[in-house]
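K.L.:
The numbering used here puts the first residue of the sequence shown at 3, with every later residue one more than the last.
Take a look at this one; I'll ask things after.
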Amino acid sequence: MVNGAGCFLYSEGAKAKPVEDRGRRLADSGMPHWRSFLECIRSRRRPVSDIETCVRTTATCLLSNIALRRGVTLDWDEKAFTVKQSEIRQYLKPKYRSPWELEV
3 MVNGAGCFLY SEGAKAKPVE DRGRRLADSG MPHWRSFLEC IRSRRRPVSD
53 IETCVRTTAT CLLSNIALRR GVTLDWDEKA FTVKQSEIRQ YLKPKYRSPW
103 ELEV
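Now the structure itself:
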C-alpha cells in the first residue's frame with residue numbers, strides 16, 4: 003500500500019510484521035505535482051499530470067481492485083471505455099444512499 007504516510011508491504015501471514023518506509027521523500031512526493039498545478043493556473047499551460055493521464059491511471063487501479071475482489075480477468079473495451087463483461091459493469095458506478103442520486 004502506498005499513500006501520503008508512506009509505503010507498506012503486508013505479508014499474507016497473520017503474524018508477519020509489515021515492512022514500512024515512512025521516509026520524508028515519500029511524504030514530499032506530491033509536492034512537484036502541486037507546484038506544477040499552481041504554475042499551470044498562473045501560466046495556463048497543461049499540468050504534468052493532466053486529466054487524460056490521471057483518468058487512465060485511476061481506471062487501471064480501480065479495475066485491478068475489482069478483478070482481484072471478484073476473482074475475474076477483465077477485458078477492456080477501449081472504444082467504449084468500459085469492461086466487456088456486462089456483469090462487472092455494476093461495480094464501475096457508485097451506489098448513492100437515499101435520498102441522494104446522480105442526475106445527468
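Cβ atoms here follow ideal geometry from the backbone N, Cα and C, with glycine treated the same way.
Computed from a predicted structure; not experimentally measured.
Just to confirm the assignment, what range does the alpha helix (DSSP H) spanning Trp36 have?
P.N.:
33 to 45
K.L.:
In chain order, what residues of the same chain have a beta carbon less than 6 Å from the beta carbon of Val74, not counting five sequence neighbours either side?
P.N.:
The beta carbon of Val74 lies closer than 6 Å to none in the same chain, with the five residues before and after it left out.
K.L.:
Cutting at 6 Å between CB atoms, please list the residues of its own chain near Lys86, excluding the five before and the five after it.
P.N.:
The beta carbon of Lys86 lies closer than 6 Å to those of Asp77, Asp79 in the same chain, with the five residues before and after it left out.
K.L.:
Would you identify the three-state DSSP class for Thr84, choosing helix, strand or coil?
P.N.:
Secondary structure at Thr84: strand, using DSSP grouped into helix, strand and coil.
K.L.:
Which residue wins for smallest C-alpha separation from Ile68, given the options Lys17, Tyr93, Ser13, Arg46?
P.N.:
Tyr93
K.L.:
Our contact map puts Arg35 next to Ser45 with C-beta atoms below 8 Å; I'd like the distance itself, whole angstroms only.
P.N.:
Per the sequence shown, residue 35 should be read as His rather than Arg. The Cβ separation is near 16 Å, so there is no contact.
K.L.:
Could you check the C-alpha separation between Glu105 and Lys95 for me, to the nearest Å?
P.N.:
In a straight line, the C-alpha of Glu105 is about 13 Å away from that of Lys95.
K.L.:
Between Thr84 and Leu11, what straight-line distance do the alpha-carbon atoms span, to the nearest angstrom?
P.N.:
30 Å
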